[in-house]
Amino acid sequence: MLGRLSHAPQRQLHERCGGTRVGFPDLRQRAAAALKRSDTYYFVGGVVGIALALLGAIGAPQLELARRPAAIVNGVPITRDVLARAVLALENDSRNPVTAEREAAVLERLIEEELLVQHGVELGLAETDFAARRALVQSVLSLAVAERAGVEPSEEELRRFFRENAGFFAPAPRFSASVVFLNAASAPARISDASAALARGVDAAGLGDPTAIEFPRAPLPEAEWRRLIGTDAARAAAALAPGQVSDPIATSGGVLLIRIDGFAAAPAPAYEAVAPQVRTEWERRAGEAAARAYLERLKRRARIERPRLPEEQA
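In this note's numbering, the protein residues as written are 138 to 451.
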């Protein structure tokens, strides 16, 4: 019976292992391998635990240090981020590494600036000094515009903006003009007579003195007129209405009289020709809209009173 029993565990192990014959030596080998794997897991876990503990011990003070302000001025903190940006700006300007002494000097300057700002507020400069108020207003508006930073218009949005504002991007209208030159020796009466004749619609050809260049009759842009008759004369002519005659305009060697004969709209440019200007104008108007929305939010949050004067109430 003992002989039969001695084989029973082996048969049971044989059956439980799917028909593979397993002896006690095999069990000892597998148990040893399992213990080795278990030891390995414990070892790895221990290493990870120690690493995390070291990281916590080292990193926590560094994190706490990063949160600590570089200085506190009358309760107002100067953060280390502000100091780092100031040091970086100094390093970029000087193109030399910033030493610990120079970093300390930067911090001292930030402290002094904070003291001056606080004292300026105490003196009421934000309410009474026009330059200070303007700088403060511009800074706040810059923050309002910065809220929309990163918002990029699509190509379709820019093209639609161009179509809706085609007149804004169109060149200045061209104009045709009759120009009379009178030399410096001309009497005031002659100048007055020539001006009156131009106003009646008389041709300019026989009214003045000869010139080195012949003035064209075709419509030209103001830039071309500036080249022909000078900046002041071209600007004065562009401000006239059709049929109107300018006052005498001083020029080299005499005076000019100019009659506007008509304006002609300049052809609209293609979008591709003015795409950079379109984007710039879109961004400018988007910034204005952001500033306006910011102001409206401030108004809704504020309590604003507009007392009326006694005479206004009557």
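Where a beta carbon is used, it is the ideal one built from N, C-alpha and C, also for glycine. Since the structure is predicted, the reported quantities are computational estimates derived from the model, not experimental observations.
Beta-carbon contacts of F318 that lie in its chain and below 7 angstroms, excluding the five residues immediately before and after
Working through the sequence shown from its first residue, we reach residue 318 at position 181. Within the same chain, F318 has close Cβ partners G345, D346, T348, G391 and L393.
Length of the line joining the Cα atoms of A307 and A371:
The residue labelled residue 307 in the question sits at position 170 within the sequence shown. The residue labelled residue 371 in the question sits at position 234 within the sequence shown. Their Cα atoms are separated by approximately 19 angstroms.
Going by other Cβ atoms of all chains shown within 10 Å of its Cβ, with 16 needed for buried, is P385 buried or exposed? Start at 1 with the first residue of the sequence shown, and residue 385 comes out as number 248. P385 should be labelled buried.
Buried versus exposed, by CB contacts within 10 Å (16 or more), I395: As a first step, residue 395 is located in the sequence shown; it is residue number 258 there, counting from the start. So I395 ends up on the buried side.
Classification of S231 by the beta-carbon crowding that lies within 10 angstroms, buried from 16 upward = As a working mapping, residue 231 is identified with position 94 in the sequence shown. Exposed: under 16 other Cβ atoms inside 10 Å.
Expressed to the nearest angstrom, what Euclidean distance is found between the alpha-carbon atoms of P353 and S313? As a first step, residue 353 is located in the sequence shown; it is residue number 216 there, counting from the start. As a first step, residue 313 is located in the sequence shown; it is residue number 176 there, counting from the start. Roughly 8 angstroms between the two C-alpha positions.
Cβ shell of A427 (< 7 angstroms), same chain only, five flanking positions each side left out: Position 290 of the sequence shown, counted from the first residue, corresponds to residue 427. Cβ neighbours of A427 beyond the five flanking positions: A281, V282, E284 and R285.
Looking at E251: is its Cβ nearer than 7 angstroms to the Cβ of V277? Here the question's residue 251 lines up with position 114 in the sequence shown. Here the question's residue 277 lines up with position 140 in the sequence shown. Contact flag unset, no.
Original post:
Can you pull the DSSP bridge partners for I397?
Top reply: Counting from one through the sequence shown, the residue named residue 397 turns up at place 260. Beta-bridge pairing links I397 to A314.
Item to complete: Provide the residue span of the alpha helix (DSSP H) that contains I328, from first to last.
Response: In the sequence shown, counting from the first residue as 1, residue 328 sits at position 191. Start and end: P325 to R337.
> How should A439 be labelled, buried or exposed, when 16 other C-beta atoms within 10 angstroms of its C-beta is the threshold for buried?
Replying inline: Walking along the sequence shown from the start, residue 439 turns up at place 302. Counting the other CB atoms within 10 Å of its CB gives A439 a total below 16, which places it among the exposed residues.
Open item on the list: For a test of the three-state rule: what should DSSP assign to V415, helix, strand or coil?
Closed with: Counted from its first residue, the sequence shown places residue 415 at position 278. Taken through DSSP and simplified to helix, strand or coil, V415 comes out as helix.
Inset, instruction - For the alpha helix (DSSP H) holding T265, just list the boundary residues, first then last. - result: Translated into the one-based positions of the sequence shown, residue 265 becomes position 128. Start and end: L262 to T265.
Next on the checklist: With H, G and I counted as helix, E and B as strand and the rest as coil, what does DSSP make of P447?
Outcome noted: The sequence position of residue 447 within the sequence shown is 310, counting from 1. In the three-state reduction of the DSSP assignment, P447 falls in the helix class.
Please list the terminal residues of the continuous beta strand (DSSP E) segment that includes A208.
For this step, residue 208 is matched to residue 71 along the sequence shown. Looking at the DSSP string, the run of the beta strand (DSSP E) that includes A208 is A208 to V210.
Less than 6 angstroms between C-beta atoms, sequence neighbours within five positions excluded: which residues of the same chain meet that for L262?
On the sequence shown, residue 262 is found 125 positions in, with the first residue counted as 1. Excluding its 5 nearest sequence neighbours in each direction, L262 has C-beta neighbours in its own chain below 6 angstroms: A269, listed in chain order.
Nearest residue (CA-CA) to A403, options R246, I441 and A309: Walking along the sequence shown from the start, residue 403 turns up at place 266. Taking the Cα of A403 as reference, the smallest distance to any Cα among R246, I441 and A309 is reached at A309.
Q | Alpha-carbon to alpha-carbon, R422 and E433 | A | Numbered from 1 along the sequence shown, position 296 holds the residue referred to as residue 433. Numbered from 1 along the sequence shown, position 285 holds the residue referred to as residue 422. Straight-line spacing of the CA atoms in E433 and R422 works out to 16 angstroms.
Which value, in whole angstroms, describes the spacing of the CA atoms of V288 and S383?
The residue labelled residue 288 in the question sits at position 151 within the sequence shown. The residue labelled residue 383 in the question sits at position 246 within the sequence shown. Going by the C-alpha atoms only, they are around 49 angstroms apart.
* Asked: For A331, is the classification buried or exposed, using 16 other Cβ atoms within 10 angstroms of its Cβ as the cut-off for buried?
  -> Numbered from 1 along the sequence shown, position 194 holds the residue referred to as residue 331. A331 is buried by the Cβ-count criterion.
Taking the continuous alpha helix (DSSP H) assigned at A303, which residues delimit it? By 1-based counting over the sequence shown, the position of residue 303 is 166. Start and end: A303 to F306.
| query | Within 10 angstroms of its Cβ, does A374 collect 16 or more other Cβ (buried), or is it exposed? | reply | Here the question's residue 374 lines up with position 237 in the sequence shown. With 16 or more other Cβ atoms within 10 Å, it is buried.
- If we ignore side chains and look at the alpha-carbon of each, how far apart do A272 and A321 end up? Position 135 of the sequence shown, counting from 1, holds the residue named residue 272. Position 184 of the sequence shown, counting from 1, holds the residue named residue 321. About 51 angstroms.
Query raised in the report: Is the CB-CB distance between I397 and Q414 below 7 angstroms?
Result: Working through the sequence shown from its first residue, we reach residue 397 at position 260. Working through the sequence shown from its first residue, we reach residue 414 at position 277. No, Cβ-Cβ distance for I397 and Q414 is not below 7 angstroms.
### Query
Where does G343 sit, in a helix, a strand or coil, going by DSSP?
The residue given as residue 343 occupies position 206 in the sequence shown. Helix.
Selection from K436, L446 and A407 that minimises the alpha carbon distance to F299: Start at 1 with the first residue of the sequence shown, and residue 299 comes out as number 162. For the residues K436, L446 and A407, the minimum Cα distance to F299 belongs to A407.
Quick one: is the Cβ of G380 within less than 6 angstroms of any heavy atom of the ligand GDP?
-> In the structure on display, the ligand GDP does not appear, and there are no ligands present to speak of.
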